[in-house]
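Protein chains: 2
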Amino acid sequence: MDNTRGGIALVGFDADDTLWRSQDYFDQAQAEFERIVGAYVDLADAGERLYAVEKRNLALFGYGVKGMVLSMVEAAVEITDARISAADVHRIVELGKGLLRHPVELLPGVREAVQSIAAEWPVVLITKGDLFHQEAKVRDSGLSDLFRRIEIVSEKDAHTYARLFAEFGVAAAQFAMVGNSLRSDIAPVLELGGWGVHVPYHTTWAHETDAQLRHGGERMRSIAAIGQLPSAMQELSALARS
Amino acid sequence: MDNTRGGIALVGFDADDTLWRSQDYFDQAQAEFERIVGAYVDLADAGERLYAVEKRNLALFGYGVKGMVLSMVEAAVEITDARISAADVHRIVELGKGLLRHPVELLPGVREAVQSIAAEWPVVLITKGDLFHQEAKVRDSGLSDLFRRIEIVSEKDAHTYARLFAEFGVAAAQFAMVGNSLRSDIAPVLELGGWGVHVPYHTTWAHETDAQLRHGGERMRSIAAIGQLPSAMQELSALARS
Chain S
231 MDNTRGGIAL
241 VGFDADDTLW
251 RSQDYFDQAQ
261 AEFERIVGAY
271 VDLADAGERL
281 YAVEKRNLAL
291 FGYGVKGMVL
301 SMVEAAVEIT
311 DARISAADVH
321 RIVELGKGLL
331 RHPVELLPGV
341 REAVQSIAAE
351 WPVVLITKGD
361 LFHQEAKVRD
371 SGLSDLFRRI
381 EIVSEKDAHT
391 YARLFAEFGV
401 AAAQFAMVGN
411 SLRSDIAPVL
421 ELGGWGVHVP
431 YHTTWAHETD
441 AQLRHGGERM
451 RSIAAIGQLP
461 SAMQELSALA
471 RS
Chain Y
231 MDNTRGGIAL
241 VGFDADDTLW
251 RSQDYFDQAQ
261 AEFERIVGAY
271 VDLADAGERL
281 YAVEKRNLAL
291 FGYGVKGMVL
301 SMVEAAVEIT
311 DARISAADVH
321 RIVELGKGLL
331 RHPVELLPGV
341 REAVQSIAAE
351 WPVVLITKGD
361 LFHQEAKVRD
371 SGLSDLFRRI
381 EIVSEKDAHT
391 YARLFAEFGV
401 AAAQFAMVGN
411 SLRSDIAPVL
421 ELGGWGVHVP
431 YHTTWAHETD
441 AQLRHGGERM
451 RSIAAIGQLP
461 SAMQELSALA
471 RS
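Quick mapping for you: the protein sequence lines, in order, are chains S and Y.
The number in my numbering is simply the position in the first sequence, starting from 1, with 230 added.
The number in my numbering is simply the position in the second sequence, starting from 1, with 230 added.
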């Protein structure tokens, strides 16, 4: 990496809901889960009860589809007081397989935006979740050749970003991260002294919305669509050089 | 890494069933699975039917406990003709949680052997499977400080090793891999021109026993216990320098 000039030397991209559609499919799977257990009990809060089980299991399962499906099976047994049929359990497992099989659908303007950034800075992909599934999605996206490195991590916190900066050979002040999650993509990078471009997505998992930007907001830009990324990056880059 | 002198410049270690006990727990979980479905059907081949489902799902789930448990749930529905109760499905999910929670138990002599090798060569850990679970096991093992890098990969084939050698900055001929699986640890490294020390474990998953060493056998040593690793490495190292 080029560390000799001032300014930004490396740009990281998040993947799910930044480059391609993801949460929509999870939302659909959750709606289908609610229909399945809805045949046994009349509950307005099946979604919240599922989220409670997911949250409880997060420290054991980590992120990703497989852990979510195991939590769905467990929540379905709980919610139905163990009345759910084996056939309906199987439907839940099939929901998960559907999520894993889903083709990767790039969000509008993504290819052009990543190409434009990659023409000016080296770019890396940093995504969390299931190693096997994320690798498959990166492969299917057709974008993998643009990225110098693909990093799949178990958690996107300041500790992880600091380790990655050391591996990449850049200082935090030379790094900008592009992503849809304030909690995972923006806050930890700003905290370390880096830069961020926030691209909100129309739907976000409850777990990711719970974030506070304590400081560094002056090193962040929010954009409404990924098409605005090149100009936001130019703005941050100029600031980083000044 | 030191690439200037001839000989071996980097040693890689496999983790599961090389550094710590793993397959034993999977075998126990499978026996428990067979007891659970055995209450519904009188089958001698429940284990084979489970393995068939696991193998079918491998391209979708990858390796690791969570995929195995999802395959167990699916196999249980299949084997019992959808008669398995929700309570027994829940017991299967709990089997999986037990596997994920199990404390890491180092195999005898492992700490001394790794320390001895790490005193002479830089060492890295290369393991496949679930990112989240493998990271937790490395953390719990108390060995992570000995390793320069921890690489968790989705598949251990020649393609993956070649990518890692490029990231590590070593040639295949400078790399030796220590592990219990001919298929995952030894054959692909020998194929690329590297070195291998095979440490067989008393029990091996069916999937890992299916390997043929086509060439490079002269660059491999088999040892009966990890305590013999230092002398096996000295022998390979002398050969690599000659």
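Glycine included, each C-beta is placed from N, C-alpha and C at the ideal position.
Point to revise | Host beta strand (DSSP E) of S:E381 (start-end) | key: For S:E381, the enclosing beta strand (DSSP E) has its first and last residue at R379 to V383.
Review point. So, are the CB atoms of S:T433 and S:D254 less than 8 Å apart?
Key: Yes, these two residues count as a Cβ contact at 8 Å.
Practice item. Name the two residues that bound the continuous beta strand (DSSP E) containing Y:R369. Key: In the DSSP assignment, Y:R369 falls outside any beta strand (DSSP E) and lies within the alpha helix (DSSP H) extending over L361 to S371.
Exercise for review: Anything in chain S within Cβ reach of Y:A343, meaning under 7 Å, just list it in chain order.
Suggested key: Those within 7 Å of Y:A343 in chain S number zero; the least Cβ separation is about 27 Å.
Review point. Using DSSP with H/G/I as helix, E/B as strand and the rest coil, what is Y:A312?
Key: In the three-state reduction of the DSSP assignment, Y:A312 falls in the coil class, being assigned neither a helical nor a strand state.
Review point. Mind pulling the beta strand (DSSP E) runs of 3 or more residues that sit fully within the region 384-431 of chain S?
Key: The region 384-431 of chain S contains these whole beta strand (DSSP E) runs: 405-409 and 425-428.
Point to revise | Rounded straight-line distance, which links the Cα of Y:L459 to that of S:S452 | key: Going by the C-alpha atoms only, they are around 55 Å apart.
Review point. Beta-carbon separation of Y:H320 and S:E304 under 8 Å?
Key: For the pair Y:H320 and S:E304, the CB atoms are nearer than the 8 Å cut-off.
**Study point:** Contact under 8 Å by Cβ, S:V267 with S:I314
**Key:** Against a cut-off of 8 Å, the Cβ pair of S:I314 and S:V267 comes out as a contact.
Review point. Is the Cβ of Y:R369 closer than 8 Å to any Cβ of chain S?
Key: Closer than 8 Å: no.
Review point. Just by C-beta distance, which residues in the region 307-325 of chain S are closer than 8 Å to chain Y?
Key: For the region 307-325 of chain S, which is checked against every Cβ of chain Y, the residues closer than 8 Å are V307, T310, A312, R313, I314, S315, A316, A317, V319, H320 and V323.
Practice item. Would you please verify whether the beta carbon of S:K386 is less than 8 Å from any beta carbon of chain Y? Key: By this cut-off, S:K386 is not an interface position.
Practice item. Give, in chain order, every residue of the region 442-467 of chain Y whose Cβ lies closer than 7 Å to some Cβ of chain S. Key: Near chain S, meaning a CB-to-CB distance below 7 Å, no residue of the region 442-467 of chain Y qualifies.
Check your understanding: Would DSSP call Y:G446 helix, strand or coil?
Key -> Three-state DSSP puts Y:G446 in coil, outside helix and strand.
Practice item. Could you round the C-beta distance between S:L443 and S:A417 to whole angstroms and report it? I think they count as a contact, below 8 Å. Key: Cβ atoms of S:L443 and S:A417 come within 8 Å of each other, at about 6 Å.
**Study point:** Range of the contiguous alpha helix (DSSP H) that encloses S:G268
**Key:** Element bounds for S:G268: Q253 to G268.
Exercise for review: May I ask you to verify whether the region 287-304 of chain Y touches the region 461-472 of chain S, counting CB pairs closer than 8 Å and requiring at least 3?
Suggested key: When C-beta atoms of the region 287-304 of chain Y are compared with those of the region 461-472 of chain S, fewer than three pairs fall below 8 Å, so the two segments do not count as touching.
Point to revise | Buried/exposed call for S:H428, threshold 16 Cβ in 10 Å | key: S:H428 is buried by the Cβ-count criterion.
Exercise for review: Whole angstroms is fine: what's the gap from S:K327's alpha carbon to Y:L290's?
Suggested key: Answer to the nearest angstrom: the Cα atoms are 7 Å apart.
Point to revise | CA-to-CA distance, Y:L394 to S:E421, given in whole angstroms | key: So the two alpha carbons sit approximately 31 Å from each other.
Point to revise | Alpha carbon of S:T234 to alpha carbon of S:G426, nearest angstrom | key: Any reading at S:T234 is ruled out, since the residue's pLDDT is 45, under 50, leaving its predicted position unreliable.
Exercise for review: Could you tell me if Y:Q260 is buried or exposed, where buried requires 16 or more neighbouring beta carbons within 10 angstroms of its beta carbon?
Suggested key: Counting Cβ neighbours within 10 Å, Y:Q260 comes out buried, since at least 16 surround it.
Practice item. Note down, in chain order, all residues in the region 274-308 of chain S with a beta-carbon under 7 Å from any beta-carbon belonging to chain Y. Key: Hits within the stretch, in order: L290, F291, G292, K296, G297, V299, L300, V303, E304 and V307.
Review point. Can you name, in chain order, every residue of its own chain whose Cβ lies under 6 Å from the Cβ of S:R378, other than the five neighbours on each side?
Key: Excluding positions up to five away in sequence, the list reads P352 and V354.
Review point. If the cut is a Cβ gap below 8 Å, which residues of chain A does Y:I380 touch?
Key: Among the protein chains in the structure shown, which are S and Y, there is no chain A.
Practice item. Express the C-alpha separation of S:L337 and S:G174 in angstroms, rounding to a whole number. Key: No answer is possible for residue 174 of chain S: the residues shown for chain S start at 231 and end at 472.
**Study point:** Same chain, Cβ closer than 6 Å to Y:K386, five either side skipped, listed in chain order
**Key:** Exclusion of the five residues before and after Y:K386 leaves K358 and S414 as the residues of its chain whose Cβ lies within less than 6 Å of its Cβ.
Review point. Terminal residues of the continuous beta strand (DSSP E) containing S:V354?
Key: Per DSSP, the continuous beta strand (DSSP E) segment holding S:V354 begins and ends at V353 to K358.
Practice item. Determine the burial state of S:Q190: buried for a count of at least 16 other Cβ atoms within 10 Å of its Cβ, exposed for fewer. Key: Nothing about residue 190 of chain S can be read from this structure; chain S reaches only from 231 to 472.
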